[in-house]
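These notes concern the structure reproduced below.
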Amino acid sequence: MKTKVAIIGGGPAGHLLGQLLQNQGIDNIILEAKSKEYVLGRIRAGVLEQSTVDILREARVHERMEREGLIHEGFKLFFKGRSERIPFKELTGGKIMMVYGQTEITRDLMDARETSGATTIYEAENVTPHDFHGGSPRVTYEKNGETHEIHCDFIAGCDGFHGVSRRSVGAENITEYEYAYPFGWLGLLAEVPPVSDEIIYCHHEDGYALCSMRSKNRSRYYIQVPIDEKLEDWSEERFWAELKRRLPTEVAQRLITGPALEMSIAPLRSFVCEPMQFGSMFLAGDAAHIVPPTGAKGLNLAVCDAKTLFDALEDFYQTGSRTKLNDYSATCLDRVWKAARFSWWMTTLFHKLSDNPFHRKVQLAELEYTMSSMAAQAALAENFVGLD
Ligand code: APR
Ligand code: PHB
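Be aware that the sequence shown starts at 1, since it is given in my numbering, and climbs by one per residue.
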């Protein structure tokens, strides 16, 4: 087989890149290790920056998002019995956020791809990129016991943190920066109306709590737990009781509980690899970087990478210039590190970091300072809605 761009991984990064290329008639194939149903069954992020919304519009997968997505103009911030609000739209000259699940974006992209007739190979086993430093880049995979080979101009490694693309690069060509936080998030998804029509970030002396949503009838809640916490030790009742305990009383009283559609524990990690280009292979999304979810940046970074890579590939196929391709890594990493910094800062500000009361005192001082300073609020708001 032959194609222009072989895309490894069919999450949001891979599917969006495929869609943008397909719209411009640039031939591509997606190789995904799991089944379509499995990919659509994963519960993931769901808070989109204005620029992500704009890119999804450009990709022509915006109709359902615009019908069903919830526009947000601010978020709430609770600490030490205080209830505050960051009006980020007002503070950023009109930028909004949109709540629309990553799973829904992936579904819209899959539907568009099916309509376009482009090839996606699901349940592709042993996907392996070859010769991306040489003159004959290609990807091999196995399906139904047979080995196949795809010759291509470029390989896009969009296969997430545990994927094969980054692992295929020799250690001498890559630098990895990593920090694992000593806590995780216990999340619960339930078919109940959200406790607030805006996202709530809650600082509590026993640990952080987050109230979010996927729609007007579907809520997503999280509480900070120790890194070695076992999911089987958490009944739904225990989760709801602990969430209520961390929220201000008047909010806890309004909380509507219901059966969990999903409950899971996710570790928190910061990770960046440099560079993001290795000859004719380019990494995008979680394959190249992970941020802790506190600032809701992971999906937005993946979308920006896919768009940046698409722009560079389009320029190459239209003009023959490799300038944008050669700049890909530097262009992405500039934004990635700023998002890594913001996500680390938000995480450090809200979570219980240790039993040392010094940490809590400094956090409360910073939260109080943020609420008393328009400059600090503006800095928080402009990072939250996404830097240009
Ligand atoms: N071969 C083929 N596909 C693979 C392989 C492999 N060896 N390894 C992983 N994959 C697939 C996974 O099954 C998954 O569908 O690659 C896809 C990667 O998708 P995501 O993990 O969703 O990563 P990405 O597209 O970069 O999106 C980032 O996901 O975790 C969130 O916070 C993150 O919201 C962000 C988004
Ligand atoms: C979510 O809805 O899953 C969510 C919202 C805000 C965050 C992180 C996750 O900061």
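Where is the CB? At the ideal position from N, CA and C, for every residue including glycine. Model, not experiment: these values are computed from the prediction.
- Distance from the C-beta of E90 to the nearest heavy atom of the ligand APR is not below 7 Å.
- Around A266, the same chain offers G184, W185, G187, P293 as residues with beta carbons nearer than 8 Å, after the five sequence neighbours per side are excluded.
- Between T140 and H151, the gap from beta carbon to beta carbon reaches 8 Å or more.
- In the three-state reduction of the DSSP assignment, L247 falls in the coil class, being assigned neither a helical nor a strand state.
- Inclusion of S51 and F154 in the CB contact set at 8 Å is not warranted, their separation being larger than that value.
- Secondary structure at C332: helix, using DSSP grouped into helix, strand and coil.
- Its Cα nearest to that of R67, the residue E104 stands out among F271, V291, E104.
- Looking at the backbone, the Cα of S372 and that of L349 are separated by about 16 Å.
- Between F271 and E176, the beta carbon gap of about 7 Å places them in contact (Cβ cut-off 8 Å).
- Not one heavy atom of the ligand APR lies closer than 7 Å to the C-beta of R107.
- For E123, same chain residues with a beta-carbon under 6 Å away, outside a window of 5 residues either side, are S35 in chain order.
- DSSP, read as helix, strand or coil, puts H15 in helix.
- Per the Cβ contact rule, the segment 321 to 339 is not in contact with the segment 186 to 200 (fewer than 3 Cβ pairs under 8 Å).
- Assignment of alpha helix (DSSP H) within the segment 104 to 190, counting only whole runs of 4 or more residues, yields 164 to 167 in chain order.
- Proximity of the segment 211 to 230 to the segment 303 to 318 falls short of the contact definition, fewer than three beta-carbon pairs being nearer than 8 Å.
- With a cut-off of 7 Å, the C-beta of L20 is classified as distant from the ligand APR, since no heavy atom of the ligand falls inside that distance.
- Only residues of its own chain outside the window of five on either side were considered, and among them L48, E49, T52, G386 have a CB closer than 7 Å to the CB of N300, listed in chain order.
- By the criterion of at least three beta-carbon pairs nearer than 8 Å, the segment 96 to 113 is not in contact with the segment 2 to 9.
- In this structure, S212 has its CB closer than 7 Å to one or more heavy atoms of the ligand PHB.
- In the pairwise beta carbon analysis, the segment 74 to 85 is classified as touching the segment 239 to 253: at least three pairs are separated by under 8 Å.
- Fully enclosed alpha helix (DSSP H) runs of no fewer than 4 residues occupy 236 to 246, 249 to 254 of the segment 223 to 272, in order along the chain.
- R82: member of the beta strand (DSSP E) spanning 82 to 86, first to last residue.
- Of the residues L16, L367, P87, the one whose Cα lies closest to the Cα of V61 is L16.
- Under the 10 Å beta carbon count, S219 is surrounded by 16 or more other beta carbons and is classified as buried.
- A6: not part of any alpha helix (DSSP H); member of the beta strand (DSSP E) spanning 5 to 8, first to last residue.
- Between the segment 352 to 369 and the segment 336 to 343 there are fewer than three inter-stretch CB-CB distances shorter than 8 Å, so the stretches are not counted as touching.
- Annotation for E49: no alpha helix (DSSP H) segment contains it, though the beta strand (DSSP E) segment containing it runs 47 to 49.
- Look at N356 here: in three-state DSSP terms it is coil, with no helix or strand label.
- Taking 8 Å as the cut-off, the beta carbon of H203 is found closer than this to the beta carbon of L367.
- The beta carbons of I227 and P182 sit closer together than 8 Å.
- Within its own chain, the residues whose Cβ lies closer than 7 Å to the Cβ of L40, once the five positions on either side in sequence are excluded, are T103, T106, R107, listed in chain order.
- Checking the 7 Å criterion, the Cβ of H162 is within range of a heavy atom belonging to the ligand APR.
- Per DSSP, reduced to three states, the secondary structure at Y369 is helical.
- Secondary structure of I96 (DSSP, three-state): coil.
- Annotation for L31: the continuous beta strand (DSSP E) segment containing it runs 28 to 31.
- Shortest gap from the CB of R341 to any heavy atom of the ligand PHB: 7 Å or more.
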